[in-house]
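In the UniProt record's numbering, the protein residues as written are 1 to 153. Here the structure comes first, spelled out in structure tokens, and everything after it is commentary.
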Amino acid sequence: MTSSQPIDLAKLLDDHLKDLNLPLQIPPPVLDVTRGEVVSYDGDGGCLEIRFPIQQAHLNPYGSVQGGMIATAIDNTIGPLSMLVAPPNYTRHLTLKYRRPIVPNMNFFTIRAQLLERQERQLTFEARVFDPQQRELVRATAQHWIVDLERQK
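Right, dumping it as structure tokens:
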């Protein structure tokens, strides 16, 4: 679902998670740091796309976005998607391959995350980072593990 109107990620997550009665802070404070804006969400296709502005505070000494901030933005895209398409889960592995630097004159970058596979309690996601001209800058894969809530009690 692509919309010309902004998509409220916090509302999507609240609506999806309200029956779980878990002590969650939605949206998490880290999402405010990256200032991501949801571009599209497709629950049936397991896809979420978020656009992030390039912020001066996130630049490394070379003048490009710090790799850890890119990883944070990727996690801020895959994480909410994982909460929307599966029971509560957490990241076990996040692997990134940086292809091109993200530089200030791009103004923003967009991350498209997708659920690739679910096997029992394991989820596999892919995220791709694009510049405004749709050139791929970074590709990431993530393995998530579904929490056994019954065991947690």
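C-beta atoms are modelled at their ideal positions from N, C-alpha and C, and glycine is treated no differently. In this text, all values refer to a predicted model and were calculated from it rather than measured experimentally.
Handout entry: Close-in-space but distant-in-sequence residues of the same chain around H58 (CB under 7 Å, 5 per side omitted)
Key = Excluding sequence neighbours, H58 sits near V65, Q66, M69.
Exercise for the section: For L81, decide whether its Cβ has a neighbour in chain B, counting only Cβ atoms nearer than 7 Å. Expected result: Annotation note: the requested chain B is absent from the structure, which comprises a single protein chain.
Practice task
Name the residue from V38, R118, I146, G45 whose alpha carbon lies nearest to the alpha carbon of A73.
Solution key: The shortest CA-to-CA distance from A73 to any of V38, R118, I146, G45 is the one to V38.
Exercise for the section: Take V33 as the anchor and find which of H16, N21, F52 has the nearest alpha-carbon. Expected result: Nearest C-alpha to V33: F52.
Exercise for the section: Inspect the beta-carbon positions of I78 and A127 and report whether they are closer than 7 Å. Expected result: In this structure, the beta-carbon distance from I78 to A127 falls below 7 Å.
Problem - Backbone secondary structure at D44 - three-state DSSP - result: D44: coil per DSSP, three-state reduction.
Practice task
Report the three-state DSSP secondary structure of Q122 (helix, strand or coil).
Solution key: The answer is strand: DSSP assigns Q122 an E or B state.
Handout entry: Exposure label - M1; buried when at least 16 CB within 10 Å
Key = Below a pLDDT of 50, predicted positions are generally treated as unreliable, and M1, at 47, falls in that range; no measurement from the model is reported.
Practice task
Measure from the alpha carbon of L48 to the alpha carbon of each residue in I7, Q133, R92, then state which is nearest.
Solution key: Looking at the Cα atoms, I7 is the closest of the given residues.
Practice task
Can you give me the Cβ contacts of V103 inside the same chain, cut-off strictly under 8 Å, excluding the 5 residues immediately before and after it?
Solution key: Scanning its chain for C-beta atoms nearer than 8 Å, with the 5 sequence neighbours on each side dropped, one finds around V103 the residues I54, G63, S64, V65, in chain order.
Problem - A10 (DSSP reduced to helix, strand or coil) - result: Here DSSP, grouped into helix, strand and coil, assigns A10 to helix.
Exercise for the section: Can you tell me which of the three DSSP states N107 falls into? Expected result: In this structure, N107 counts as coil in the three-state DSSP scheme.
Problem - Residue span of the alpha helix (DSSP H) that contains L31, given as start and end - result: Counting along the chain, the unbroken alpha helix (DSSP H) around L31 starts and ends at 29-34.
Handout entry: Outcome for K75 when other beta-carbon atoms lying within 10 angstroms are tallied against a minimum of 16
Key = Contrary to the premise, residue 75 reads as Asp rather than Lys in this sequence. Buried, by the Cβ-count rule.
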